[in-house]
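Protein chains in written order, with this note's numbering: chain P, 19 to 142; chain H, 151 to 907.
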């Protein structure tokens with residue numbers, strides 16, 4: 019058969035790529051979050067929300083979507099810090115914030131439940 | 151034999167072998183496949199990890215939402231409920247799932263498929279560039295060595311490192327260009343190839359790739375028109391086959407084009423500042439600054455001598471001209487006159503930004519010219535025996551350049567910060583969460599949508615959606631009865647409703663005209679999906695069946711069939727070929743005529759208290775200014791209220807504008823708050839009251855530009871200046887023609903001096 023060798027090379031290269039992609043292991047996701055930790059992270063984030071929103075308002079005066087977006091950036095930083103510090107799953111931290119809001123878990127203040135519609139800035 | 155002669159002989163053998171390898175398709179493909187995979191080494195090595203970059207979140211979510219629709223719910227990915235409160239998946243410009251590479255996603259999942267898709271597209275880009283360079287008259291070896299200049303150029307690994315996988319669609323640009331070149335030469339298969347490649351790019355979320363292809367195509371058309379100017383019959387055929395390519399492209403991509411056009415018509419993409427890129431910065435992006443060479447659009451400086459040599463040849467005239475054209479565009483507003491500024495006045499280029507991205511088509515022209523230059527060197531070598539060594543050296547240099555490009559790609563891949571991929575939770579009822587767009591990819595896994603979102607157009611999103619509801623479907627008037635969800639999937643929701651009086655059923659998702667209900671009337675309730683129902687007990691089934699998906703999908707399928715016929719029956723008459731390419735477009739037109747879909751409610755732009763932006767006159771307590779600017783813009787009045795909140799003082803700030811006629815596109819308002827100490831604060835904005843640009847608002851009305859809750863610092867005195875500038879054009883300020891009762895300084899109006907207590 020003509021061109022057997024180059025065809026075999028293509029096949030081998032494709033198989034190596036597929037096998038590697040299918041079996042590669044990324045960073046470990048961390049441990050599942052306990053109920054206690056879930057309440058703690060919700061409480062922590064809810065208590066910081068007002069301050070973070072004020073900082074966001076200073077950073078993006080007059081632009082409601084950008085303010086909200088900047089608040090979420092800060093919320094994201096806090097959630098990730100918590101997850102990496104406690105070695106727990108980020109997914110569970112995200113879920114705890116949602117569960118806390120929906121089930122009205124006790125917190126110093128209630129998080130804002132709405133977001134302004136997406137109105138992107140001219141440039142980033 | 152002396153050692154030097156032996157080395158030389160070995161090198162010559164290598165050149166001979168390389169030439170033979172380049173000319174033999176399977177050997178060349180084997181080389182390109184290996185190079186494509188090697189270039190993705192680090193990405194493949196860490197496949198499955200999440201890239202810690204904000205855009206990676208929503209690009210991953212778009213693809214994952216489509217995958218979930220197909221795999222978990224056995225539905226077509228029409229509605230994406232996981233983002234912004236629900237968006238039209240096919241109408242999301244940068245989503246890539248409608249391209250054939252979605253098969254990788256279905257099999258391997260989103261994050262594991264990304265490097266495979268990248269390797270596949272690199273491979274396609276290498277072979278496409280090779281063929282395109284050959285089509286310009288370069289030799290096999292020159293084309294082989296030139297292929298990595300485009301296909302491995304810095305733009306691609308940079309895009310990959312941000313998970314901008316949709317930008318890798320640019321790898322199909324040489325195929326589109328090659329197809330057009332062949333079409334203009336009279337081959338119908340070329341037209342199919344060009345249309346197919348462009349449609350693939352469009353379906354792959356090629357918000358830039360497809361419009362850029364049009365420009366590359368115009369250069370090909372120009373070249374063909376010059377070459378065929380003396381042969382009218384061939385010229386007519388070239389134009390006709392160009393039309394076939396365009397029709398095939400539009401037909402194949404109809405499934406995305408119609409929904410995207412609908413989305414952008416309803417939700418403008420108001421982005422792009424006055425970018426100006428200096429020539430030195432462009433050179434740095436293309437060639438790097440120092441060893442190791444790094445660059446956002448790196449093509450390599452080592453092949454520059456070949457490009458310069460190639461540029462002196464007559465057959466390089468058009469590639470050199472197009473390279474210069476794209477360099478000109480890439481300099482943005484920095485060039486005078488600015489081609490980019492002109493282009494931004496023509497749809498769809500009005501919606502583009504980042505002019506440096508024009509360096510991608512430049513890279514293709516650069517590869518062509520370098521390939522031709524190498525060929526010229528080979529020709530010289532054949533004539534003069536002494537210069538054979540130069541060919542060996544040239545080949546070595548071009549191989550080193552490819553190595554530099556691979557190394558640059560690896561650097562981008564190694565530079566990524568990786569985080570753990572989302573871990574799916576046990577299935578539960580879907581609901582919208584307030585969410586966080588910076589973590590958007592983590593929401594579908596916990597069966598939640600994120601209301602907090604970003605895309606670079608004004609997403610049609612209701613501000614009434616909530617992330618803390620006990621149930622996602624409920625009655626507006628709770629006393630009217632009760633509601634229970636019976637089934638949920640992205641495109642179909644079934645709820646059991648018992649009402650004792652007519653009632654409005656609210657769904658905590660965005661409304662879209664494609665939603666239909668088995669009972670009652672679908673309406674938009676403050677942008678939310680809602681159904682007005684009579685009293686009684688019933689199961690209400692809400693289905694998302696947008697007309698554009700049906701019409702566009704049919705058009706695409708028919709175009710695919712037409713492509714098969716056009717490809718196989720090359721001998722058809724030109725009129726039949728044109729008819730065959732155009733026929734599929736009848737399907738969308740028929741669906742448009744026969745399938746009813748409610749039109750979107752007229753957008754009424756409002757200020758935060760719910761009043762319309764456009765009113766008859768300014769508020770009674772506003773201070774009149776009467777400042778007239780160029781372009782018929784007047785700053786009628788201003789109103790500023792100081793508020794002391796527990797967190798610190800804030801300003802409620804309002805500028806009242808009036809237009810004498812329709813405003814030219816691209817204007818923005820600038821507001822400079824200059825304190826007596828410390829840094830200035832800018833409150834520049836394009837949307838009046840942050841909701842709509844001036845050009846979208848009516849003339850001869852007061853346009854209330856209300857900006858509430860601007861945080862200021864206690865103890866400072868602020869001078870507040872405002873004016874109008876060409877924010878999405880050249881960046882210059884509109885001149886003040888009449889200063890009215892205000893103080894004006896450098897075409898900005900002093901609207902107030904405020905002391906923050």
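Beta carbons are placed, not taken as given, at the ideal position from N, Cα and C, and that holds for glycine.
Chain-ordered chain P contacts of residue i [CB-CB under 7 Å]
{"i": "residue 189 of chain H", "result": "Near residue 189 of chain H there are no residues of chain P at all, since even the closest Cβ is about 11 Å away, more than 7 Å."}
{"i": "residue 568 of chain H", "result": "44, 45"}
{"i": "residue 592 of chain H", "result": "108, 109, 112"}
{"i": "residue 234 of chain H", "result": "136"}
{"i": "residue 857 of chain H", "result": "80"}
Closer than 7 Å at the beta carbon, the chain H residues around residue i
{"i": "residue 119 of chain P", "result": "584, 617, 618"}
{"i": "residue 21 of chain P", "result": "176"}
{"i": "residue 91 of chain P", "result": "588"}
{"i": "residue 35 of chain P", "result": "187, 194, 266, 269"}
Contact set between residue i and chain P, taken where Cβ atoms lie within less than 9 Å
{"i": "residue 499 of chain H", "result": "Residues of chain P passing the Cβ test: none, with the nearest at roughly 16 Å."}
{"i": "residue 575 of chain H", "result": "109, 110, 113"}
Option in the options with minimal Cα separation from residue i
{"i": "residue 609 of chain H", "options": "H:217, H:732, H:243", "result": "H:243"}
{"i": "residue 293 of chain H", "options": "H:603, H:729, H:518", "result": "H:518"}
{"i": "residue 640 of chain H", "options": "H:190, H:165, H:215", "result": "H:215"}
{"i": "residue 764 of chain H", "options": "H:746, H:805, H:795, H:905", "result": "H:805"}
{"i": "residue 727 of chain H", "options": "H:587, H:394, H:426", "result": "H:394"}
{"i": "residue 662 of chain H", "options": "H:171, H:228, H:669, H:155", "result": "H:228"}
{"i": "residue 187 of chain H", "options": "P:36, P:88, P:41, P:66", "result": "P:36"}
{"i": "residue 297 of chain H", "options": "H:376, H:449, H:468, H:459", "result": "H:449"}
{"i": "residue 900 of chain H", "options": "H:405, H:411, H:834, H:821", "result": "H:821"}
{"i": "residue 802 of chain H", "options": "H:254, H:306, H:308, H:861", "result": "H:861"}
{"i": "residue 256 of chain H", "options": "H:265, H:220, H:238", "result": "H:220"}
{"i": "residue 365 of chain H", "options": "H:570, H:202, H:330, H:288", "result": "H:330"}
{"i": "residue 619 of chain H", "options": "P:127, P:136, P:122, P:54", "result": "P:122"}
{"i": "residue 169 of chain H", "options": "H:881, H:289, H:784, H:598", "result": "H:289"}
Three-state secondary structure assigned by DSSP to residue i
{"i": "residue 563 of chain H", "result": "helix"}
{"i": "residue 632 of chain H", "result": "strand"}
{"i": "residue 738 of chain H", "result": "helix"}
{"i": "residue 725 of chain H", "result": "helix"}
{"i": "residue 233 of chain H", "result": "strand"}
{"i": "residue 869 of chain H", "result": "strand"}
{"i": "residue 593 of chain H", "result": "coil"}
{"i": "residue 558 of chain H", "result": "helix"}
{"i": "residue 203 of chain H", "result": "coil"}
{"i": "residue 154 of chain H", "result": "helix"}
{"i": "residue 754 of chain H", "result": "coil"}
{"i": "residue 94 of chain P", "result": "helix"}
{"i": "residue 316 of chain H", "result": "helix"}
{"i": "residue 495 of chain H", "result": "coil"}
{"i": "residue 255 of chain H", "result": "helix"}
{"i": "residue 123 of chain P", "result": "coil"}
{"i": "residue 889 of chain H", "result": "coil"}
Per-residue contacts from residue i into chain P (C-beta, under 8 Å)
{"i": "residue 757 of chain H", "result": "Within chain P, no residue comes near residue 757 of chain H; the closest Cβ sits about 11 Å away, beyond 8 Å."}
{"i": "residue 803 of chain H", "result": "80"}
{"i": "residue 511 of chain H", "result": "Simply none; closest approach about 22 Å."}
{"i": "residue 675 of chain H", "result": "None at all; the shortest Cβ gap to chain P is about 15 Å."}
{"i": "residue 184 of chain H", "result": "27, 31"}
Contact set between residue i and chain H, taken where Cβ atoms lie within less than 8 Å
{"i": "residue 86 of chain P", "result": "602"}
{"i": "residue 59 of chain P", "result": "Near residue 59 of chain P there are no residues of chain H at all, since even the closest Cβ is about 13 Å away, more than 8 Å."}
{"i": "residue 132 of chain P", "result": "584, 601, 613, 614, 615, 616, 617"}
{"i": "residue 38 of chain P", "result": "194, 195, 197"}
Listed in chain order, which residues of the region 873-900 of chain H have Cβ atoms closer than 8 Å to some Cβ of chain P?
-> 877, 878
Give, in chain order, every residue of the region 265-295 of chain H whose Cβ lies closer than 7 Å to some Cβ of chain P.
-> 265, 266, 269
Contact residues within the region 101-116 of chain P, judged by C-beta distance below 7 Å to chain H = 107, 108, 109, 112, 113, 116
Evaluate the contact criterion for the region 570-579 of chain H versus the region 455-474 of chain H: three or more CB pairs, one atom per stretch, below 8 Å.
-> no
Scan the region 69-82 of chain P for residues whose Cβ lies nearer than 7 Å to a Cβ of chain H and list them as they occur along the chain.
-> 72, 75, 76, 79, 80, 81, 82
Three CB pairs or more closer than 8 Å across the region 628-635 of chain H and the region 156-171 of chain H = no
What are the residues of the region 822-854 of chain H that lie near chain P, defined by any Cβ-Cβ distance shorter than 9 Å?
-> 823, 831, 832, 833, 834, 835, 836, 837, 840, 841
Is there contact here, the region 308-324 of chain H with the region 369-385 of chain H, by at least three beta-carbon pairs under 8 Å?
-> no
The region 24-43 of chain P contacting the region 81-95 of chain P, beta-carbon criterion three pairs below 8 Å | no
Using 8 Å as the threshold, is the region 790-797 of chain H in touch with the region 825-836 of chain H, meaning 3 or more CB pairs across them?
-> no
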